[in-house]
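One structure below.
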Amino acid sequence: TVLQALGKTGHLISISRGSVVNETDLIDALQNNIIAGAALDVYANEPHVPEQLMSLDNVVLTPHIASGTSETFNAMADLVFDNLQAFFSGRPVITPVTQ
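Mind the numbering: the sequence shown is residues 1 to 99 in UniProt numbering, read in order.
If you want it as structure tokens, here you go:
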């Protein structure tokens, strides 16, 4: 498995989608020293994080904030402004919300 390939000094970093990582296998790998540690920003069943992950000393957990950089915040603000400007000017918005 990927976790076994990382080895005893390997670390898993997950910032993509929670479903990418099998949390049961990860917990087993962490508890049995198959890998050294893990850092997760996403979880399979957000916002719920497995208790076993929260109790491990070799895990860093964050609340889905990996994209929270000044660049992404500025880009989001620019997109909101551009959408509002388009809407109030009678033009199609860039990112419409569909029903």
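Note that the Cβ used here is the ideal one computed from N, Cα and C, for glycine as well. Source: prediction; values computed, not measured.
Determine, using beta carbons only, whether ALA39 and LYS8 come nearer to each other than 8 Å.
no
For residue 158, which residues from the same chain have a beta carbon less than 6 Å from its beta carbon, with the 5 sequence-adjacent residues on both sides left out?
Residue 158 is absent from the structure shown; the chain starts at 1 and stops at 99.
Do the CB positions of GLN4 and ILE27 come within less than 8 Å of each other?
no
Closest by C-alpha distance to HIS64, when choosing among PRO92, LEU79, VAL93, HIS48
HIS48
Please report the straight-line C-alpha distance between HIS11 and PHE88, rounded to a whole angstrom.
49 Å
Of the choices GLU23, GLY90, THR1, whose alpha-carbon is the least far from that of ASN45?
GLU23
Runs of 3 residues minimum, wholly inside the stretch 7 to 70: which ones carry the beta strand (DSSP E) assignment?
11 to 14, 37 to 40, 59 to 61
To the nearest angstrom, how far is it from the Cα of ARG91 to the Cα of VAL20?
39 Å
Using a 10 Å radius around the Cβ and a threshold of 16 neighbouring Cβ atoms, would you call VAL59 buried or exposed?
buried
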